[in-house]
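Below is one structure; the comments refer to it alone.
Numbering (our numbering), first residue to last: 453 to 566.
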């Protein structure tokens, strides 16, 4: 439809055996916040979630919205995993978009669809 949407997504790939959990998150450098307020992010994909044969608490889904701190985003990063987060203006997990819908949109865009 020609409408441009400015969305910010963060993709973190950990190809090692080290992992960080919510109690001791890893600060991922994501640049300065967009706009006047700190940015919030929600996890939309975690390759190590129970849905894909991983373990409970392996990512950030249970944490809801994660607030950017300066130019850092404190993340739980599972070993041998990929985590995808999306910036959101929402303030809680219940209002975040469905991860499957976001992945379907990304797949359609990659295939040249809308």
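Quick reminder that beta carbons are idealized off the backbone N, C-alpha and C, glycines included.
If you reduce the DSSP assignment to three classes, tell me which class residue i lands in.
i: residue 532; result: coil
i: residue 563; result: coil
i: residue 459; result: coil
Report the CB separation of residue i from residue j in whole angstroms; it is logged as a contact under 8 Å.
i: residue 463; j: residue 498; result: Residue 463 to residue 498, Cβ: 11 Å. No contact.
i: residue 524; j: residue 481; result: 6 Å
What's the gap between the Cα of residue i and the Cα of residue j?
i: residue 508; j: residue 530; result: 11 Å
i: residue 461; j: residue 474; result: 20 Å
i: residue 467; j: residue 515; result: 23 Å
i: residue 556; j: residue 539; result: 17 Å
i: residue 537; j: residue 505; result: 20 Å
i: residue 527; j: residue 560; result: 28 Å
i: residue 520; j: residue 511; result: 16 Å
i: residue 472; j: residue 478; result: 6 Å
i: residue 541; j: residue 492; result: 7 Å
i: residue 532; j: residue 495; result: 17 Å
i: residue 484; j: residue 517; result: 18 Å
i: residue 503; j: residue 465; result: 18 Å
i: residue 563; j: residue 459; result: 19 Å
i: residue 522; j: residue 501; result: 28 Å
i: residue 470; j: residue 513; result: 19 Å
i: residue 558; j: residue 476; result: 31 Å
I'd like to know whether the C-beta of residue i is nearer than 8 Å to at least one C-beta of chain C.
i: residue 522; result: This model lacks chain C altogether, as it is built from one protein chain only.
If we require 4 or more residues per run, which alpha helix (DSSP H) segments fall completely within the region 461-516? As far as the region 461-516 is concerned, it has no whole alpha helix (DSSP H) run of at least 4 residues.
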